[in-house]
């Protein structure tokens, strides 16, 4: 059983750390500290590039290996998406007037 006093001390220490981290994130997001702002943006671009590259090279291999299972799981999802698209088309998109073609 966890005693109350150590749990309260831990919660208090975590609260202080979390508030400091949130204050730093707010400062970075506001762009007031340009150096940190640019550094964070650079790191995010680097992470995005690495992630996209890994995704680009692993997705075809995974699909080659597990294509049948992926298709069997994706088919019901696509049917559901088409059903929702039909509802959206009937309620919204079909009511948008389309101009005459200039051909």
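Residue numbers (the UniProt record's numbering): 1 to 103.
Where a beta carbon is used, it is the ideal one built from N, C-alpha and C, also for glycine.
From a predicted model like this one, the values you see are computed outputs, not experimental measurements.
Following the DSSP letters along the chain, one finds residue 80 inside the alpha helix (DSSP H) bounded by residues 34 to 91. 26 is the residue among 52, 26, 67 whose C-alpha sits nearest the C-alpha of residue 40.
DSSP places residue 6 in the helix class (H, G or I) of the three-state scheme.
Only residues of its own chain outside the window of five on either side were considered, and among them 28 have a CB closer than 6 Å to the CB of residue 36, listed in chain order. When DSSP states are grouped into helix, strand and coil, residue 98 belongs to the coil group. Here the alpha carbons of residue 21 and residue 59 stand approximately 35 Å from one another.
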